[in-house]
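Novice: First the structure, then my questions, so here it is.
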Amino acid sequence: MSNDQAGFSNELQLVSFILGQEEYALDILLVQEIIRMLRITRVPRAPHYIEGVVNLRGNVIPVIDLHRRFGLSERVNSERTRIIVVKVQDITAGLVVDGVSEVLRLPQAAVEPVSSLVTAIDTDYIQGIGKKDNRLLIMLNINRVLGIEGLD
0 MSNDQAGFSN ELQLVSFILG QEEYALDILL VQEIIRMLRI TRVPRAPHYI EGVVNLRGNV
60 IPVIDLHRRF GLSERVNSER TRIIVVKVQD ITAGLVVDGV SEVLRLPQAA VEPVSSLVTA
120 IDTDYIQGIG KKDNRLLIML NINRVLGIEG LD
């Protein structure tokens, strides 16, 4: 294997997004699509962080408000607010974020384990902290965010 191939396999391709004052990232392989805010139908007795469901081309998917999930301040929708549709195994869900930044590559060596002192959100939801130029990216553990046990 050439050095180029070895380097490529040690890179993560991520979608970065804004939530509150911080920048987060998800593995691009988990992201099905990114859409503008849709009308969300509330579901009675759903967990507090489930904002409701949306009809996405005939498929009804749950929508998670990451502000509520992480105990952050109340979300204020804007022109930049998006729903990131993720798929993990056979579970599809939408994650409401304040804005999507970019798709980027990050060497695995640039990811460090998280310290509970680093972030305001529960570290159970965090896979690591990525360093890109002068930015820090909070890398989400999507299985924990979705409440999927035993898959992480």
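Note that numbering that gives the first Met the number 0 gives residue 42 to position 43 of the sequence shown, counting from 1, and the numbers run on in steps of one. We treat Cβ as the ideally placed atom computed from N, Cα and C, and that holds for glycine.
#1: Taking a contact to mean a Cβ-Cβ separation below 9 Å, would you say I147 touches E22 in this structure?
#2: Give me the Cα-Cα distance between I33 and L11, rounded to the nearest whole angstrom.
#3: Three-state secondary structure (DSSP) at D183?
#4: Rounded to whole angstroms, what's the CA-CA distance from S15 to V96? Just pull it up for me.
#5: If the criterion is Cβ atoms closer than 9 Å, does the pair R79 and G98 meet it?
#6: CB-CB under 6 Å to K86, same chain, minus the five flanking residues each way: which ones, in chain order?
#7: According to DSSP, is A45 part of a helix, a strand, or is it coil?
#8: Helix, strand or coil for N142? Go by DSSP, reduced to three states.
#9: Let me confirm a value: D89 is counted as buried when at least 16 other C-beta atoms fall within 10 Å, else exposed. Which label applies?
#10: Have a look at A92 and I141 and give me their C-alpha separation to the nearest angstrom.
#11: At what residues does the beta strand (DSSP E) containing L25 begin and finish?
#12: Would you mind working out which of L55, I39 and G70 sits nearest L18, comparing C-alpha positions?
#13: Among residues of its own chain, excluding the 5 on either side of N58, which ones have a beta-carbon nearer than 8 Å to its beta-carbon?
#14: Just verifying my parser: in three-state terms, what is the DSSP assignment at M0?
#15: Quick one: is D151 buried, meaning 16 or more other Cβ sit within 10 Å of its Cβ, or exposed?
#16: Could you check whether I128 and E101 sit closer than 9 Å to each other, using their CB atoms as the reference points?
Specialist: To lay it out plainly:
#1: Position 148 of the sequence shown, counting from 1, holds the residue named residue 147. Position 23 of the sequence shown, counting from 1, holds the residue named residue 22. Their beta carbons are not under 9 Å apart, which means I147 does not touch E22 by this criterion.
#2: The count along the sequence shown starts at 1 and reaches residue 33 at position 34. The count along the sequence shown starts at 1 and reaches residue 11 at position 12. So the alpha carbons of these two residues sit roughly 19 Å apart.
#3: The shown model of the chain, from 0 to 151, leaves out residue 183, and the question about it has no answer.
#4: For the purposes of this step, residue 15 is identified with residue 16 of the sequence shown, where counting begins at 1. For the purposes of this step, residue 96 is identified with residue 97 of the sequence shown, where counting begins at 1. About 10 Å.
#5: For this step, residue 79 is matched to residue 80 along the sequence shown. For this step, residue 98 is matched to residue 99 along the sequence shown. Contact flag set, yes.
#6: For the purposes of this step, residue 86 is taken as the residue at position 87 of the sequence shown. Here the set comprises Q31.
#7: Within the sequence shown, the letter at position 46 stands for residue 45. Three-state DSSP puts A45 in coil, outside helix and strand.
#8: In the sequence shown, residue 142 corresponds to position 143, counting from 1. DSSP places N142 in helix when its eight states are reduced to three.
#9: Counted from its first residue, the sequence shown places residue 89 at position 90. With fewer than 16 Cβ atoms within 10 Å of its Cβ, D89 is classed as exposed.
#10: Here residue 92 is taken as the residue at index 93 of the sequence shown, counted from 1. Here residue 141 is taken as the residue at index 142 of the sequence shown, counted from 1. Rounded to the nearest angstrom, the two C-alpha atoms are 11 Å apart.
#11: Along the sequence shown, one-based indexing puts residue 25 at 26. L25 -> beta strand (DSSP E) spans E21 to D26.
#12: Indexing the sequence shown from 1 puts residue 18 at position 19. Nearest option by C-alpha distance: G70.
#13: Here residue 58 refers to the residue found at position 59 when the sequence shown is read from its first residue. Cβ within range, chain order: T91.
#14: Here residue 0 refers to the residue found at position 1 of the sequence shown. At M0, the pLDDT of 42 sits below 50, so the modelled position is not reliable and the matter cannot be decided from this model.
#15: As a first step, residue 151 is located in the sequence shown; it is residue number 152 there, counting from the start. Here the model assigns D151 a pLDDT of 42, short of 50, so the residue's position is not dependable, and the following value carries that caveat. The residue is exposed, with fewer than 16 neighbouring Cβ atoms inside 10 Å.
#16: To locate residue 101, count along the sequence shown from 1; it is residue 102. To locate residue 128, count along the sequence shown from 1; it is residue 129. Taking 9 Å as the Cβ cut-off, E101 and I128 do not qualify as a contacting pair.
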